[in-house]
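Peer 1:
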Amino acid sequence: MSFVPHTGADRAAMLAAIGVEQIESLFADVPEAFRFPVLDLPPARAELEVTRELQEIAAASSRLRERPGFLGAGSYHHYIPATVDSVLRRGELFTSYTPYQPEIAQGFLQATFEYQSMICELTGMDVSTASHYDGATALAEAVLIALSKSAGRRTKIVASPQLHPQLREVVATYLRGTNAELVTPRAAAADGMEMSSLLDDDTAACIVQSPNYFGQLEPVAELADRVHAVGALLIAVPDPVALGMLRTPGDDGADLVAAEGQSLGIASSFGGPHLGILATKQAHVRRTAGRLVGETVDAKGERGYVLTLSTREQHIRREKATSNICTNAALMALAAAVHLATLGRSGLRRVAELCYHKSHYAAGQIATLPGCVINPQAPDRPFFKEFVVGLPFDAERASRAIESELGVLGGRPLGLDFDDREDQLLLAVTELHTREDIDALVATLRKTVSSGSVSR
Amino acid sequence: MSEPTLYEKSVAGRCAITLPALDVPEAELPAELLRDDLVLPELSQLDVIRHYQQLSQRSFGVDSGFYPLGSCTMKYNPRIGEDVARLPGFAHAHPLQPPESVQGLLEIMHRLQDWLAEIGGFAGVSLQPAAGAQGELTALLMMRAYQQDHGQGHRSQILIPDSAHGTNPASTSMAGLSVLQIPSDPHGNIRLDALRAACDESVVGLMITNPNTLGLFEQEIEAVIELVHGCGGLVYGDGANMNALAGVLRPGDLGIDLMHYNLHKTFSTPHGGGGPGSGPLGASERLRDYLPGPIVEQSTSEDHRQAEPGYRLVRPPKSIGRMCTFHGNFGMIVRAYAYIALHGAAGLRDNSLHAVLNANYLRVLLRDAFPVPFDRTNMHEFVCRGDVGDQSKGQGVTATDVCKRLIDFGFHPPTSHFPLIVPHALMIEPTETESRETLDAFVAAMRAIEREARESPVLLREAPHQARVRRLDEVRAARKPILRERMPHEQE
């Protein structure tokens with residue numbers, strides 16, 4: 009298959025205009041010894057052949073997706089309204105690039121401006137960037153913004169022990185380029201204030217995820233006070249769906265918000281592309297990484313939109329830029345905007361409430377099973393849509409039982425992330441689950457518990 | 016006329032979607048943790064669709080017309096990619112599913128790793144980086160880790176030609192290293208004497224884009240690599256322009272240690288209005304163990320460490336860590352896989368050849384109207400000057416004016432004012448998917464604009480005349496930034 013439109017006559021006329029005999033002559037600068045290698049790739053195939061191959065691979069891998077599963081842990085299955093993909097398929101939008109020419113990109117610019125507005129409302133912050141790659145890289149950028157505030161004098165980043173382990177890993181990787189250190193308390197405290205003792209004059213920022221990796225809410229407002237008392241910044245990592253009903257990080261005093269936006273109308277897609285949300289208070293706008301769209305007027309005074317404050321960015325400031333980001337996740341931000349516009353004022357709150365009620369129903373039912381404990385390490389802390397089940401045996405067995413009995417993903421066995429949590433299973437329940445789905449989950453767990461509590 | 020915003024169209028009580036009724040008992044909500052209100056727009060579903068239909072009509076993509084945005088490779092995005100990435104088995108796959116349930120997806124990733132390694136001449140590839148700039152940062156962190164492991168932790172300098180993309184120096188700072196800029200010579204190559212003088216014990220490595228941002232192949236590339244390796248440095252190839260070289264040259268064969276690929280350029284995954292992209296990183300034998308993980312490995316039945324043969328996600332032994340939450344932008348990986356599968360080796364080479372043919376054709380037909388400062392056979396793009404017209408009397412026009420006037424002719428303007436070493440640069444990249452007729456129409460428009468620049472420059476300075484809006488006031492936008500809509504309840 010080729011998408012090159014040239015005919016033999018085209019090539020001949022063009023080569024004559026250039027004044028060479030053959031196209032290969034244009035490559036004289038390429039070292040001859042290495043020019044035109046023979047590449048060992050499979051032979052070209054037709055569109056229908058490639059489509060068929062990929063359909064077969066996708067079908068073979070779809071065993072565990074017929075009904076909604078209970079696996080979350082940072083990527084969630086929520087309902088995506090039909091409006092979202094209908095917009096994402098518009099060629100003027102998805103085949104465009106960064107709107108460097110605003111006069112013919114008003115549509116995408118306005119859509120991004122509206123995204124920024126809705127993210128500010130959702131998070132309670134003043135400024136939202138146009139997008140980052142995913143939640144982890146948005147968090148890493150937020151950490152770098154916090155470090156830049158003290159110009160390298162403060163060198164400690166304190167992270168909650170209940171932060172998503174893979175978010176933590178990405179922050180640690182980004183910090184390899186700095187003189188800063190990522191510290192995490194060994195264990196969580198009952199009051200959620202375990203990070204307090206690590207906060208000091210050397211702390212640039214404190215990272216708190218709420219709901220945390222285990223689905224539970226953290227005392228963000230109290231923590232914000234302690235963090236601000238030492239002159240550091242609080243970076244909050246919320247679940248945007250939870251913000252449909254819960255107090256915002258802005259209400260709670262967060263200085264920066266970094267979040268995974270995948271839950272807002274984006275398919276899980278085996279982990280990407282997702283959406284990095286980064287929002288800040290006004291004070292940090294000129295240190296913020298990433299693109300920003302601003303409102304302005306045209307030569308006739310009509311309202312219009314442009315990329316703005318670009319003097320922060322790499323193409324202008326080069327090594328002094330706040331970040332190297334160029335390509336971002338603009339189309340995923342558009343998906344989130346269409347999603348939020350479709351759900352609207354009542355819809356996102358409704359989704360959040362459905363998640364809350366259904367997950368609490370599931371937790372309540374599971375709590376009645378012998379030997380099962382909900383959120384064993386912090387039973388009194390509120391949770392949103394995800395919770396931990398302490399089991400009387402290895403959690404991988406429970407998750408495999410759910411997978412084989414119900415044909416759906418059986419949650420995250422936490423032994424995969426933590427040595428001391430082998431008997432804990434992290435389950436996510438969203439608006440996609442019906443009461444029957446949940447009852448079937450509970451029945452399967454009951455069967456597994458009664459049949460296998462002796463053997464490990 | 017500007018389009019009203021979602022909030023301006025909002026009417027209290029409207030709703031675009033209905034959600035199912037609650038089928039379980041209500042749990043008690045934690046009153047002290049609830050927010051008061053959430054002011055999102057209230058629209059009917061038709062309102063939502065019409066809104067975005069209007070916005071899409073106020074946008075311009077490759078689908079709309081010729082888009083010669085230099086360095087960005089705005090070529091046709093095959094529609095098969097959109098279909099296959101949305102297959103339910105891919106779109107709904109959870110990144111943390113048990114590996115045995117996603118063997119096919121891991122196989123796609125494994126094959127793409129292999130194919131990219133073959134195309135670039137590298138020993139290993141990680142699909143983790145989400146974009147070219149993140150690929151650069153990844154590579155710099157790897158180079159630094161490699162130098163530290165080899166007792167060279169004191170090295171701190173990255174050499175970067177003055178024609179480089181801004182992401183190169185920005186990535187260098189993020190990696191905690193410092194930049195030493197190397198000038199270009201009159202032929203558009205990196206200056207060898209300056210490079211030689213800079214190559215010493217302080218050098219971590221060199222970042223080089225080849226073809227460079229002038230669209231020119233570095234004529235002394237082998238000497239450049241030898242000089243850097245000679246002082247113990249590593250060479251990073253910025254693969255932004257690999258679309259001129261796929262099937263033509265394997266950078267790894269020249270001794271380049273690391274290079275990122277832009278799947279959204281060379282392998283034509285759509286640019287999405289600025290993203291998502293994907294920036295896989297290739298590494299030579301000595302650096303592959305430092306790649307970010309996880310990457311996909313195939314274990315065979317003879318491999319006794321594994322109970323089950325098949326594909327699995329592993330972390331390379333000396334990995335610098337993880338660059339994104341999960342395994343990379345799988346949606347882009349599938350599209351690029353389909354693209355390479357459609358083309359095969361011969362097709363990829365054919366694309367490179369025609370990309371270079373198209374760019375040279377445009378240069379030759381435009382150079383007498385728009386001066387080309389480094390006028391030699393170029394690769395997939397070239398740079399000319401846009402400050403045409405009678406500059407002596409202050410009546411001339413700028414590169415920006417030429418760009419804005421092109422909009423009136425129905426074309427997306429080229430990249431302007433970059434690379435920085437050419438004043439009033441217009442960086443033109445036609446790509447291989449554009450026909451001779453399109454290129455001829457573009458040439459006619461450019462030549463007409465050059466005439467207008469001489470005869471009626473004000474026409475250019477006030478352009479565009481045909482767009483939905485006139486020229487926008489960017490200074491005002493930056494001076495008093497309005498970065499979000501004021502909510503109805505905030506209005507006075």
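Chains as they are written, first to last, in the numbering used here: chain A, 9 to 464; chain B, 16 to 507. A virtual CB, placed ideally from N, CA and C, is assigned to each residue, including glycine.
#1: Nearest by alpha-carbon distance to Leu-368(B): which of Asn-344(B), His-395(B) and Asp-383(B) is it?
#2: Considering only DSSP beta bridges, list what Cys-399(B) is partnered with.
#3: Give me the chain B residues within the contact set of Leu-362(A), using Cβ-Cβ distance strictly less than 8 Å, ordered along the chain.
#4: What does the Cβ neighbour count give for Val-301(A), buried or exposed, with the cut at 16 atoms within 10 Å?
#5: Could you give the distance in angstroms between the alpha-carbon of Met-222(B) and the alpha-carbon of Glu-149(A)?
#6: Using the Cα positions of Ala-6(A) and Gly-80(B), report the straight-line distance between them to the nearest angstrom.
#7: Closest to Leu-317(A) by C-alpha separation, out of Ala-232(A), Val-265(A), Val-135(A) and Leu-206(A), would be which residue?
#8: If you drop the 5 nearest sequence neighbours on each side, which residues of the same chain put their C-beta closer than 7 Å to that of Gln-128(B)?
#9: Of the residues that make up the stretch 251-274 of chain B, which ones have a beta carbon closer than 7 Å to any beta carbon in chain A?
#10: Buried or exposed for His-165(B), going by 16 or more other Cβ atoms inside 10 Å?
#11: Does any residue of chain A bring its CB to less than 7 Å from the CB of Ser-74(B)?
#12: Let me see if you follow: with CB-CB separation under 7 Å, is Phe-282(B) close to chain A or not?
#13: Would Gly-28(B) be called buried (16 or more neighbouring beta carbons within 10 Å of its own) or exposed?
#14: Indicate whether Asp-306(A) and Val-484(B) have their beta-carbon atoms separated by less than 7 Å.
#15: Just by C-beta distance, which residues in the stretch 82-93 of chain B are closer than 9 Å to chain A?
#16: With 9 Å as the limit, tell me which residues of the stretch 112-134 of chain A have their beta carbon closer than that to any beta carbon of chain B; keep them in chain order.
#17: Consult DSSP for Arg-269(B) and reduce its assignment to one of helix, strand or coil.
#18: Against Ala-275(A), what residues of chain B qualify as contacts under a CB-to-CB distance less than 7 Å, listed in chain order?
#19: Between Leu-111(B), Pro-40(B), Ala-463(B) and Gly-230(B), which has its C-alpha nearest Cys-87(B)'s C-alpha?
#20: Have a look at the DSSP bridge pairing and note the partners of Asp-306(A).
#21: Using the Cβ count rule (16 or more neighbours within 10 Å means buried), how would you classify Ala-148(B)?
#22: With a cut-off of 7 Å, does the C-beta of Ala-492(B) fall near any C-beta of chain A?
#23: What's the gap between the Cα of Asp-427(A) and the Cα of Asn-220(A)?
#24: Output needed for Phe-395(A): all residues of its chain with C-beta closer than 7 Å, excluding positions within five of it in sequence on either side, in chain order.
#25: For Thr-304(A), does the count of other Cβ atoms within 10 angstroms reach 16, so buried, or fall short, so exposed?
#26: Check whether the Cβ atoms of Asn-258(B) and Gln-234(B) sit closer than 7 Å, and answer yes or no.
#27: Where do the ends of the alpha helix (DSSP H) carrying Ser-94(A) lie?
#28: List the residues of chain A that Ile-422(B) touches, going by C-beta distances under 9 Å, in chain order.
#29: Could you tell me which chain A residues have their CB closer than 9 Å to the CB of Ser-188(B), listed as they occur along the chain?
#30: Can Asp-260(A) and Ala-212(A) be called in contact, C-beta distance under 7 Å?
#31: For the beta strand (DSSP E) that contains Met-222(B), what are its first and last residues?
#32: Identify every residue that forms a DSSP beta bridge with Asp-405(B).
#33: Can you find a CB in chain C that lies within less than 7 Å of the CB of Tyr-369(A)?
#34: Could you check what DSSP says for Ser-38(B) in three-state terms: helix, strand or coil?
#35: With a cut-off of 8 Å, do at least 3 Cβ pairs link the stretch 409-421 of chain A to the stretch 73-83 of chain A?
#36: How many whole angstroms separate the CB atoms of Arg-337(B) and Gln-174(A), which I take to be in contact at a CB cut-off of 8 Å?
Peer 2: Quick answer:
#1: Indexing the second sequence from 1 puts residue 368(B) at position 353. When each option's Cα is compared against that of Leu-368(B), the closest is His-395(B).
#2: Position 384 of the second sequence, counted from the first residue, corresponds to residue 399(B). Answer by DSSP bridge pairing, in chain order: Leu-441(B).
#3: Counted from its first residue, the first sequence places residue 362(A) at position 354. What Leu-362(A) touches in chain B: Leu-34, Pro-35 and Leu-37.
#4: The residue labelled residue 301(A) in the question sits at position 293 within the first sequence. Val-301(A) comes out buried.
#5: For the purposes of this step, residue 222(B) is identified with residue 207 of the second sequence, where counting begins at 1. For the purposes of this step, residue 149(A) is identified with residue 141 of the first sequence, where counting begins at 1. Using only the alpha carbons, I get a separation of about 23 Å.
#6: This structure cannot speak to residue 6(A), because chain A is shown only from 9 to 464.
#7: Counting from one through the first sequence, the residue named residue 317(A) turns up at place 309. Comparing Cα positions, the closest option is Val-135(A).
#8: Residue numbering aside, residue 128(B) sits at position 113 when the second sequence is read from its first letter. Excluding sequence neighbours, Gln-128(B) sits near Val-140, Leu-142, Ile-310 and Val-311.
#9: Gly-262, Val-263, Leu-264, Arg-265, Asp-268 and Leu-269
#10: Numbered from its first residue, the second sequence carries residue 165(B) at position 150. So His-165(B) counts as exposed.
#11: In the second sequence, counting from the first residue as 1, residue 74(B) sits at position 59. True, the Cβ-Cβ gap to chain A drops below 7 Å.
#12: Position 267 of the second sequence, counted from the start, is the residue given in the question as residue 282(B). So no, Phe-282(B) is outside the interface.
#13: Your numbering for residue 28(B) matches position 13 in the second sequence. Counting Cβ neighbours within 10 Å, Gly-28(B) comes out exposed, since fewer than 16 surround it.
#14: Position 298 of the first sequence, counting from 1, holds the residue named residue 306(A). Position 469 of the second sequence, counting from 1, holds the residue named residue 484(B). Cβ distance < 7 Å, so Asp-306(A) and Val-484(B) count as in contact.
#15: Tyr-82, Leu-84, Cys-87, Met-89, Lys-90, Tyr-91, Asn-92 and Pro-93
#16: Ile-112, Ala-113, Gln-114, Gly-115, Phe-116, Leu-117, Gln-118, Ala-119, Thr-120, Phe-121, Glu-122, Gln-124, Ser-125, Met-126, Ile-127, Cys-128, Glu-129, Leu-130, Gly-132 and Asp-134
#17: In the second sequence, residue 269(B) corresponds to position 254, counting from 1. A small correction: the amino acid at residue 269(B) is Leu; Arg does not occupy that position in the sequence shown. Leu-269(B) falls in the helix class under three-state DSSP.
#18: Here residue 275(A) is taken as the residue at index 267 of the first sequence, counted from 1. Those are Ala-106 and His-107, listed as they occur along chain B.
#19: Stepping through the second sequence from its first residue, residue 87(B) is reached at position 72. Looking at the Cα atoms, Gly-230(B) is the closest of the given residues.
#20: Mapped onto the first sequence, residue 306(A) falls at position 298. BP columns for Asp-306(A) point to Leu-487(B).
#21: Your numbering for residue 148(B) matches position 133 in the second sequence. It counts as buried.
#22: Here the question's residue 492(B) lines up with position 477 in the second sequence. Closer than 7 Å: yes.
#23: Residue numbering aside, residue 427(A) sits at position 419 when the first sequence is read from its first letter. Residue numbering aside, residue 220(A) sits at position 212 when the first sequence is read from its first letter. So the two alpha carbons sit approximately 18 Å from each other.
#24: Here residue 395(A) refers to the residue found at position 387 of the first sequence. Excluding sequence neighbours, Phe-395(A) sits near Gly-223, Ser-367, Ala-371, Ile-382, Asn-383 and Leu-435.
#25: In the first sequence, residue 304(A) corresponds to position 296, counting from 1. By the 10 Å Cβ count, Thr-304(A) comes out buried.
#26: One-based indexing of the second sequence puts residue 258(B) at position 243. One-based indexing of the second sequence puts residue 234(B) at position 219. In this structure, Gln-234(B) does not lie closer than 7 Å to Asn-258(B) by Cβ.
#27: Locating residue 94(A) in the first sequence gives position 86, counting from the first residue. Unbroken alpha helix (DSSP H) run through Ser-94(A): 90-96.
#28: The residue you call residue 422(B) lines up with position 407 of the second sequence. Correct list: Gln-109, Glu-111 and Ile-112.
#29: Counting from 1 along the second sequence, the entry for residue 188(B) is found at position 173. Correct list: Gly-185, Arg-326, Glu-327, Lys-328, Ala-329 and Asn-332.
#30: For the purposes of this step, residue 260(A) is identified with residue 252 of the first sequence, where counting begins at 1. For the purposes of this step, residue 212(A) is identified with residue 204 of the first sequence, where counting begins at 1. No.
#31: Taking the first residue of the second sequence as 1, we reach residue 222(B) at position 207. That run of the beta strand (DSSP E) goes 218-224.
#32: For the purposes of this step, residue 405(B) is taken as residue 390 along the second sequence, with counting starting at 1. Answer by DSSP bridge pairing: none, since Asp-405(B) is not bridged.
#33: This model lacks chain C altogether; the protein chains it does include are A and B.
#34: As a first step, residue 38(B) must be located in the second sequence, where it is residue number 23. According to the sequence shown, residue 38(B) is Asp rather than Ser. Note: Asp-38(B) maps to coil in three-state DSSP.
#35: yes
#36: Translated into positions along the second sequence, residue 337(B) becomes position 322. Translated into positions along the first sequence, residue 174(A) becomes position 166. Between Gln-174(A) and Arg-337(B) the Cβ distance is about 6 Å, and since that is below 8 Å, they are a contact.
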